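In what follows, a single structure is set out as structure tokens and then discussed.
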Amino acid sequence: MLLSLVEKMIDGYFALMPRQKPSPSSIKAARIIAHRGAHNNARGIIENTLQAFNIARDAGCWGIEFDIHATRDSVLVVNHDPTLKRLWGHDVAIADLGFSDLRALEPGIPSLAEVIAQYGRVMHLFIELKTPFANEKALAAALSELTPEEDYHLLALDVPLFSSLSLFPKSSLVLVAGPNNVQEFCNLSISEGYGGVTGSYLLLTDKKIAELKSAHQRYGVGFVNSRNSLYRELNREINWIFTNQAVAVCQDMRQLNLS
């Protein structure tokens with residue numbers, strides 16, 4: 001919570017600070033990823049729904065990030081929280097519902113299979129796994145028609161979760177760093193051969209980016225929600241740019257490509 005507050009304050013500051021126009025090479029290399037889709041919960045465009053993903057696709061996003069949980073009957077569905085309370089007003093856990101019951105209760109929550117069917121190979125899929133995760137076989141089956149790294153990456157905030165996986169190449173697994181483990185995660189990703197590290201732009205400093213880059217690791221930052229913040233990260237040659245303002249950021253990218 002503290003990091004989010006600080007990030008909002010600094011993002012507001014960065015939004016007002018003029019930045020040098022990024023180089024053509026950094027613009028070309030950048031990939032915009034809609035965090036939970038191009039959502040606006042206050043306006044009824046709910047995060048992690050097909051509507052939010054459709055808007056991200058139409059805006060020109062290269063990728064979407066979303067979270068998955070398993071129902072009682074082991075169907076993987078897309079929702080950030082383990083319960084339906086915050087977004088949908090139902091004080092019930094996804095794990096306590098069968099998929100048919102969940103679909104009857106909230107038809108707006110998509111299954112992972114539906115998301116893959118609509119957006120696989122259309123946008124890159126960043127799939128965040130939540131601890132505990134005991135559905136690797138179902139996940140591998142759902143992703144069987146896609147190619148790891150080329151079509152998707154798996155994300156996790158907890159190292160033990162990745163240690164438990166055996167059906168995915170390590171290079172397709174990306175750690176999400178927090179305030180207290182960014183250096184640890186950078187070191188671990190390099191030493192274990194994971195795919196890379198993402199995290200707040202406040203945490204992934206130029207020095208840490210250089211370490212990852214020299215080890216041929218992937219790296220990405222969030223959340224970039226203004227034009228000047230976008231320019232800042234492009235000037236740092238960040239490739240994966242996660243945003244909660246996908247439509248506006250994609251529009252800024254189009255203007256850069258035209259100028």
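At position 221 of the sequence shown (counting the first as 1) the number is 221 in the UniProt record's numbering, and the numbers step up by one without a gap. All C-beta atoms in this analysis are idealised placements derived from N, C-alpha and C, irrespective of residue type, glycine included. This structure is a prediction, so every number in the text was calculated from the model and none was measured.
Contact belief for residue i with residue j at Cβ below 8 Å, rounded distance in angstroms
{"i": "Thr243", "j": "Ala34", "result": "7 Å"}
{"i": "Leu143", "j": "Ile109", "result": "With 8 Å as the limit, Leu143 and Ile109 do not qualify as a contact, their Cβ atoms being about 19 Å apart."}
{"i": "Glu150", "j": "Lys170", "result": "Not a contact, Cβ separation roughly 15 Å."}
Helix, strand or coil at residue i according to DSSP, with G and I counted as helix
{"i": "Asn225", "result": "coil"}
{"i": "Glu65", "result": "strand"}
{"i": "Asp91", "result": "strand"}
{"i": "Pro148", "result": "strand"}
{"i": "Ala70", "result": "strand"}
{"i": "Gly12", "result": "helix"}
{"i": "Arg36", "result": "coil"}
{"i": "Ile238", "result": "coil"}
{"i": "Met123", "result": "strand"}
{"i": "Arg254", "result": "helix"}
{"i": "Leu97", "result": "coil"}
{"i": "Ser111", "result": "strand"}
{"i": "Tyr231", "result": "helix"}
{"i": "Ser259", "result": "coil"}
{"i": "Ala30", "result": "coil"}
{"i": "Ser164", "result": "coil"}
{"i": "Arg19", "result": "coil"}
{"i": "Val75", "result": "coil"}
{"i": "Ala248", "result": "helix"}
{"i": "Leu203", "result": "coil"}
Other residues of its chain near residue i: CB distance less than 7 Å, five sequence neighbours each side excluded
{"i": "Ala59", "result": "Ala38, Ala246, Val247 and Cys250"}
{"i": "Arg36", "result": "Glu47, Asn48, Ala52, Glu65, Phe66 and His80"}
{"i": "Leu139", "result": "Leu76"}
{"i": "Met17", "result": "Asn228"}
{"i": "Asp252", "result": "Arg227 and Leu230"}
{"i": "Asn257", "result": "Ile27"}
{"i": "Leu234", "result": "Pro22, Ser26, Ile27 and Ala30"}
{"i": "Arg19", "result": "Asn228, Tyr231, Arg232 and Asn235"}
{"i": "Asp206", "result": "Arg236"}
{"i": "Lys85", "result": "Asp91"}
Proximal residues to residue i (C-beta, below 8 Å), its chain only, five neighbours per side dropped
{"i": "Tyr119", "result": "Phe53, Arg57, Ile64 and Leu125"}
{"i": "Val182", "result": "Val197, Gly199, Leu203, Leu204 and Lys208"}
{"i": "Ser111", "result": "Val75, Leu76, Val77, Val78 and Phe99"}
{"i": "Cys61", "result": "Ile32, Ile33, Ala34, Ala38, Met123, Ala246 and Cys250"}
{"i": "Pro148", "result": "Phe168, Pro169, Ser171 and Ser172"}
Residues near residue i in its chain [Cβ-Cβ closer than 6 Å; skip 5 each side]
{"i": "Leu146", "result": "Gly120 and Tyr152"}
{"i": "Ala93", "result": "Pro82 and Thr83"}
{"i": "Leu167", "result": "Glu136 and Ala140"}
{"i": "Val224", "result": "Leu230, Glu233, Ile241 and Thr243"}
{"i": "Ile238", "result": "Val221"}
{"i": "Leu155", "result": "Phe126, Glu128, Val174 and Val176"}
{"i": "Leu102", "result": "Thr71"}
{"i": "Arg254", "result": "none"}
{"i": "Ile55", "result": "Ala38"}
Member of the options whose CA lies at the smallest distance from the CA of residue i
{"i": "Leu157", "options": "Val176, Ser163 and Gly222", "result": "Val176"}
{"i": "Pro160", "options": "Pro179, Ser189, Lys85 and Ser144", "result": "Ser189"}
{"i": "Leu105", "options": "Tyr231, Thr71, Ser166 and Ala141", "result": "Thr71"}
{"i": "Gln217", "options": "Ser172, Lys137 and Gln255", "result": "Ser172"}
{"i": "Leu165", "options": "Gly178, Tyr194, Arg232 and Arg86", "result": "Tyr194"}
{"i": "Ala95", "options": "Phe162, Asp73 and Ala113", "result": "Asp73"}
{"i": "Pro132", "options": "Ala210, Ile68 and Ser214", "result": "Ile68"}
{"i": "Glu7", "options": "Val221, Leu50, Lys130 and Glu128", "result": "Val221"}
{"i": "Ala42", "options": "Leu97, Ser4 and Trp88", "result": "Trp88"}
{"i": "Tyr201", "options": "Glu211, Pro179 and Lys213", "result": "Pro179"}
{"i": "Ala113", "options": "Ser4, Asp206 and Leu50", "result": "Leu50"}
{"i": "Phe162", "options": "Glu184, His90 and Lys130", "result": "Lys130"}
CB contact below 8 Å: residue i versus chain D
{"i": "Leu5", "result": "In the structure shown, chain D cannot be found, because there is only a single protein chain."}
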